[in-house]
Amino acid sequence: MCRIIVLCALLINTSKGYSKTWSNQGGDVTYTISEGASIVLHASSINAAAYQWYKEGVRIDGAVNKDYTATVAGMYSVVAFNSGGCPSSVSDPVKVIVNPVTTPPVNPDTVVDLAVTIASSNMHAAPGDSYTYVLEANNKSPITGTDITVRYVLPENLVYLPQPGTGDVVKYDMATRTITWSISQIKQNDPTRLVLTVKVLTPGMVQSVVNIKGKQIDPVLANNVDQTVQQVYPLVISNVFTPNGDGVNDTFVVPGLETYSDNELTIINRWGNVVYQKTNYKNDWDGSGLVEGTYFYVLRAKNKAGVWDTYKGYLTLLRTRI
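For the sequence shown, the UniProt record's numbering gives the first residue as 1, with consecutive numbering after it.
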């Protein structure tokens, strides 16, 4: 004979907020929790050895413990079993309601769509040259944007050249290499511009990224970042010269070398011997005393920024007229 009774289904809340009500019909207990929260159902019984929980009258797989954590809405009940396997009657149901989390509406007065762009002067820059970037901040919404900050992290091969009269709105942090441009406000479609002057140290591609942020919520983040690329051109060194006396390509010429303040040229043969070396080379080496063949060159040149650029490669010397 089975002697087991489920006295009640108690609920112990495990989340921060819930509410409890009783139905006017039948006295059912209802608990309301927020979406993402949970609540623990606790079976209080006599002589129980096992349990089975149900939702809407359907057995819940694996829910065989005294406590069950509910996270979804529904009507929950439980059956207890004694050591002989005899079941109790089904407990009174407990209703769980889950309220969705709602996001409060955004006040349109706090929404400002800021946008930023960056463009280089796109000059044919060489190491040591100075050129400019133009930063433009704009507001594409009818609400005036305030407390706006534009940030640009200076690439490693650039030197920032501050311009007079910008100290109040443009700050440069040498430790982080960050240029910060502060703008008090921007009205709708009233762009403001800043011209930054930089000096480039080494050849290669200079990639610059700029971003913008204001006090108000920005509903469009895609236009809060922009980037541009400036190419800095190295010396272009020919890999063939023909010192055969025809007046064409008779010396080893490096175009643009005269724009470098100092240079050192070293020519090495295939056995690793230095066959020519010159400080402040003047594009006048004609390969005198050397046979036709392939040689290795090392050219060091100090650019206008005071940085030594190093160029290495192979050079073919031909005396036969083509």
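For each residue, glycine too, the CB sits at the ideal point set by N, CA and C.
Contacting residues, own chain, Cβ-Cβ under 6 angstroms from residue i (five flanking each side not counted)
i: VAL209; result: GLN227
i: VAL253; result: ASN283
i: ASP262; result: LYS302
i: ALA125; result: TYR131, VAL200 and VAL232
Cβ-Cβ distance between residue i and residue j below 8 angstroms
i: VAL153; j: ALA137; result: no
i: ILE148; j: ILE186; result: yes
i: TYR76; j: VAL58; result: no
i: LEU135; j: ASN239; result: no
i: ILE97; j: THR32; result: yes
i: VAL206; j: VAL229; result: yes
i: PRO243; j: ASP286; result: yes
i: ASP67; j: VAL90; result: no
i: ASN139; j: GLN188; result: yes
i: ALA49; j: VAL78; result: no
i: ASP309; j: PRO234; result: yes
i: TYR295; j: ASN269; result: yes
Paired residues, beta bridge with residue i - DSSP
i: PHE81; result: ALA50 and PRO87
i: GLU264; result: THR279 and ARG300
i: ASP67; result: HIS42
i: VAL111; result: ILE217
i: GLY293; result: LEU317
Nonlocal neighbours in the same chain, by C-beta distance under 7 angstroms from residue i, ignoring five residues either side
i: GLU264; result: THR279 and ARG300
i: VAL307; result: PRO127, LEU201 and THR202
i: ARG177; result: VAL153 and LEU154
i: VAL101; result: SER34, GLU35 and GLY36
Reduced DSSP category for residue i - H, G, I as helix; E, B as strand; rest coil
i: GLU136; result: strand
i: SER43; result: In the sequence as displayed, the identity of residue 43 is Ala instead of Ser. Residue state, collapsed to three classes: strand.
i: THR102; result: coil
i: GLY26; result: Unreliable placement is indicated for GLY26, whose pLDDT of 47 sits below 50; the coordinate value is still reported in the next sentence. Coil at GLY26, not helix or strand.
i: ALA222; result: helix
i: THR242; result: coil
Same chain only: Cβ atoms within 8 angstroms of residue i, ignoring 5 sequence neighbours per side
i: SER184; result: THR146, ASP147 and ILE148
i: LEU114; result: ALA137, ASN138, ASN139, LYS140, GLY145, ILE148, ILE186, ILE212, LYS213, GLY214, ASP218, ASN223 and ASN224
i: ASP250; result: PHE241, THR242, PRO243, ASN244 and ASP286
CB-CB length for residue i against residue j, believed under 8 angstroms
i: THR110; j: SER121; result: Rounded, the Cβ-Cβ distance is 37 angstroms, inconsistent with contact.
i: TRP194; j: VAL170; result: Inspection of the sequence shows that residue 194 is occupied by Leu rather than by Trp. That pair is a contact at about 7 angstroms.
i: TYR51; j: VAL64; result: 6 angstroms
i: ASP129; j: LYS304; result: 7 angstroms
i: LEU290; j: VAL274; result: That belief does not hold up - the Cβ atoms of LEU290 and VAL274 are roughly 12 angstroms apart, past 8 angstroms.
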